[in-house]
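Chemist: The following block contains the structure, expressed as structure tokens.
In the UniProt record's numbering, the protein residues as written are 1 to 1083.
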């Protein structure tokens, strides 16, 4: 056995151990061995009196003298607690072990050894003495009475490790005492060499027993080996809890109590570095990290494990070993194993998300409300403080690993990249939790990476140029091969990266951290937020249904209390209610991290940097923000940008949607300027974003930023929208273009998406309307007649559809209300009553949406007709506008208005008075335009003088308009009647068929030939058609307005025919008096 030990140690028996430089030792609280007494010094009182003489020399100050040989023996024996003197053992009540086997060995092999005469151990016997002590076996059978006494006196249940650590501590104590006494330098040096030899051998044997405890006699049934080191490395719960007052309950031997573990580790590292440190320390690392499995934040044990790891990693050689261990990234690796089985995975996974911490959801949120304002601030602050402590410690650990060596840094980056690559499924709309890591693990990885990013995300963006725009060409660490790209399909992407790959190009640490952070913000915060939001929507849908079931159960006579049916129904309902509570608890617990103000501030800082980086990326000069980006962007975007993963933009806009919706105050201190640059840039150049959902969300972010919040009467972005340089120059025309471009998104839900984004645009335009700079930009944009005509046409289309749907739903609601309140309704079968109730509720939800969307569209028309009325007089616009207004006026003031009276109009956002006011205001804005008067006169579906008279009565009676305004409206109606009479006379005349429009059957004023079908139409007719359909109406071939051919010959014939008819009419009216108001001239 001794030979095995010596081979492991690599030191021949009896050879002197190396003498490492002594480390400064802090004082400890354990009882120190007393030093060997030095020879007595003469005190001042005992000094002999000097004799008179001719000279009286002074006594020289000399260091105290002592017997170094005697001290060495005492130091060895007191450190190892051994002796070869039977009397000494007996005098100490056998607390010092009598090494009779060593004495016998010396008598046989070295009969002349000095120790046999002095019965004192000498430095050359340290190794043999230590081995002899370790070989004492309390379970050995023997007849020697002296040895039986020795064995019986050994400390009960003491392990080899405990003995060795105790001896190491006593050796340290000897060194401290030696330095305190004023011995000569030579004596101190000799004494220290003995202590160093003791420590060297003790540390060697400590290392051996940690690796293989079977090499020594184990006198206890306690676990042995590396597991023993955890008793001194991992603090117990009492000392780990910074706020607790518990006393330690850990059963630990005296030798291991209050061990200065950092000093012990320092000595172990010093002894084994370059000589087997990895074999010694690996089991300790793995056992320590393994203690985190199965823990959650509700206890304090995780703090002990964090502290233990921090203690280990303060030594660079150990930190270097840490990342080389196979368990740092286990193989084979999966999304689950990297979280559950890697060294740091279980600690990273600690969180408040119910998937990883169901106890937290049960303990703190069992009766949670999903109103964010009702969450307990004490609970929130406590859990968030705990999370912050955990995340700071995790970052500290990874920061040490990154700074240890280039190899260690690469392994850390590999760890995060592999975790991201394995969790690509978290980006899906539906996530299978069995295939991915938990929300807590991913979120905490994101936080760690964000802390690494902090140094290069300064306020001046001084290091933004360090980020490699060709990162994915230069590094394959992150696998984006299956990710959707911003503006490229998979074939284009694969071709690009295959042709431009350059793995030999160095990638800096800033770029690595930045792109990893982007991935984890998408897979962490973004994914967790989406899952939490989906669960909340499900709860919002299920909870009213369960409440309704509960009410029905209580009120239904078929389920009388105590009946089997009632008992069964209640049991089923209780199961559903318990499940609902668990889901509500899960959502509330997720908000602890997702809504944490500190986390949001950090994420905001990151995405503020990202928005600036994205704008710089697409800026042709690549100098933003040092030089503000020039808009609009070029039609051709950078190819590297097109090939970037779409999640970069998607996660960015989703974060700002969440922030502006729930925590807009976060933007008060920073980020507004950068966000406005980003929003205006991509509202101005929406084609740079391939995903239509992300495009639309950019408008939503800006609209959210105009909502009043807290004590503010305006939104967090309201001032920026009205004063930001890019906003003033580009926002108004860009919003109009966006309104047009959103017509076709290419997705199945494009109809509803289009309505929602246009609703937001309409409200945004309302916000900026009072700013004269924005209105001036609108006037400039009306000069682009084609664009403005398309815009106004779409606004009218939306208004017509939305108001028609809204009025239809309101009429249905009235019918359902009458049916629900009818006397016989309660006697109808259950399924019929449920069907009616469900249809009633669906109509209510739809009516609320349609009235809100339609109302904004009408208000937009009202604002635009007041500011740019001439633009609405285009032939292809004015007639349709007039018809739409008359139709809605008929619904509000005509006979149908009685159908729109519902019990609770506010519930559906139905404000007929406001809508009537807005429609009348549009009439008032345009009543002095001859083209509009003619357009109203042409409306044969809804217009009537009686309708306007009824409307005038309502306006007067409800004091909606003044008498002067009503009189103006009456004059307008008279003018319409005059034109209408003229048109009727024209209609009575036979219009030659060749002069009639082929679609409208009306007289053509500007005939054109369609190049494909050769059909002849009026220009206004085909322009109106092309506003919604870019094809020839007769053969469906592609067609644009610039392709039509003017039919000049036919136009000349029509003009001549019209002139002749008018002249004939004038001749008849030469002497007649015109009693009606004079019509305004055409524009």
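The beta-carbon is built from N, C-alpha and C at its ideal position, and this holds for glycine as well.
Is the stretch 465-472 in contact with the stretch 511-524, if contact means three or more CB pairs nearer than 8 Å?
Modeler: yes
Chemist: Taking the beta carbon of residue 502 as the centre, do at least 16 other beta carbons fall within 10 Å, making it buried, or is it exposed?
Modeler: exposed
Chemist: Residue 1010 and residue 960: beta carbons closer than 8 Å?
Modeler: no
Chemist: Mapping the DSSP letters down to three states, classify residue 938 as helix, strand or coil.
Modeler: helix
Chemist: Would residue 428 and residue 478 be called neighbours here (beta carbons separated by less than 8 Å)?
Modeler: no
Chemist: Alpha carbon to alpha carbon, how far is residue 418 from residue 424? Give it in angstroms, no decimals.
Modeler: 10 Å
Chemist: Using a threshold of 8 Å, state whether the C-beta atoms of residue 918 and residue 973 are closer than that.
Modeler: no
Chemist: Grab the span of the beta strand (DSSP E) containing residue 1017 for me, first residue to last.
Modeler: 1016-1018
Chemist: How do the stretch 446-457 and the stretch 474-489 stand: do at least 3 beta-carbon pairs fall below 8 Å, yes or no?
Modeler: no
Chemist: Is DSSP giving residue 174 helix, strand or coil here?
Modeler: helix
Chemist: On a CA-only basis, which of 264, 800, 656, 209 is nearest residue 232? Give me that one, please.
Modeler: 264
Chemist: Do residue 734 and residue 689 have their beta-carbon atoms positioned less than 8 Å apart in this structure?
Modeler: no
Chemist: Is residue 460 helix, strand or coil when you go by DSSP?
Modeler: Residue 460: coil per DSSP, three-state reduction.
Chemist: State whether the stretch 783-797 contacts the stretch 831-840, with contact taken as three or more CB pairs (one from each stretch) at a distance under 8 Å.
Modeler: no
Chemist: Exposed or buried, residue 275, counting other C-beta atoms within 10 Å across all chains shown (16 or more means buried)?
Modeler: exposed
Chemist: Measure the C-alpha to C-alpha separation of residue 211 and residue 226 and round it to an integer number of angstroms.
Modeler: 7 Å
Chemist: Taking the DSSP output, what are the residues bridged to residue 996?
Modeler: 1003
Chemist: For residue 613, report the span of its alpha helix (DSSP H) as first-last.
Modeler: 597-618
Chemist: By the DSSP assignment, the alpha helix (DSSP H) with residue 699 in it spans what residues?
Modeler: 692-704
Chemist: Quick test of the definition: if touching needs 3 or more C-beta pairs under 8 Å, does the stretch 691-705 touch the stretch 633-651?
Modeler: yes
Chemist: Run through DSSP, which three-state label would residue 98 get?
Modeler: strand
Chemist: For residue 686, which residues of its own chain have a beta-carbon under 7 Å away from its beta-carbon, when the five flanking residues on both sides are left out?
Modeler: 695, 738, 741
Chemist: Taking the alpha-carbon positions, what's the residue 302 to residue 637 distance?
Modeler: 50 Å
Chemist: What do you reckon, are the CB atoms on residue 641 and residue 464 nearer than 8 Å?
Modeler: no
Chemist: Residues in its own chain within less than 6 Å of residue 228 by CB, not counting five upstream and five downstream?
Modeler: Hits under 6 Å: 161.
Chemist: Which term fits residue 59, buried or exposed, when burial requires 16 or more other beta carbons within 10 angstroms of its beta carbon?
Modeler: In this predicted model, residue 59 has a pLDDT of only 39, less than 50, meaning its place in the structure is not dependable enough to derive any value.
Chemist: Taking only runs of the alpha helix (DSSP H) that begin and end inside the stretch 850-921, which ones reach a length of at least 4 residues, in chain order?
Modeler: 875-893
Chemist: Under 8 Å, do residue 202 and residue 156 count as touching if we go by C-beta distance?
Modeler: no
Chemist: Near residue 224, what residues of its chain come up, given a Cβ to Cβ distance below 8 Å and the 5 sequence neighbours on each side ignored?
Modeler: 159, 160, 161, 209, 213, 218
Chemist: Quick check on residue 322: buried or exposed, where buried means 16 or more other Cβ atoms within 10 Å of its Cβ?
Modeler: buried
Chemist: Do residue 281 and residue 318 come within 8 Å of each other at the CB atom, strictly closer than that value?
Modeler: Cβ atoms of residue 318 and residue 281: closer than 8 Å.
Chemist: Under 8 Å by Cβ, that's how I've got residue 573 and residue 549 pegged, so tell me the actual separation to the nearest angstrom.
Modeler: 6 Å
Chemist: Can we say the stretch 1011-1022 touches the stretch 1030-1048, given the rule of at least three CB pairs closer than 8 Å?
Modeler: With a cut-off of 8 Å, the stretch 1030-1048 and the stretch 1011-1022 count as touching, because enough Cβ pairs lie within range.
Chemist: So, using beta-carbon positions, are residue 98 and residue 150 closer together than 8 Å?
Modeler: yes
Chemist: Are residue 802 and residue 768 close, meaning C-beta to C-beta below 8 Å?
Modeler: no
Chemist: Work out the CA separation of residue 68 and residue 179 for me, nearest whole Å.
Modeler: 14 Å
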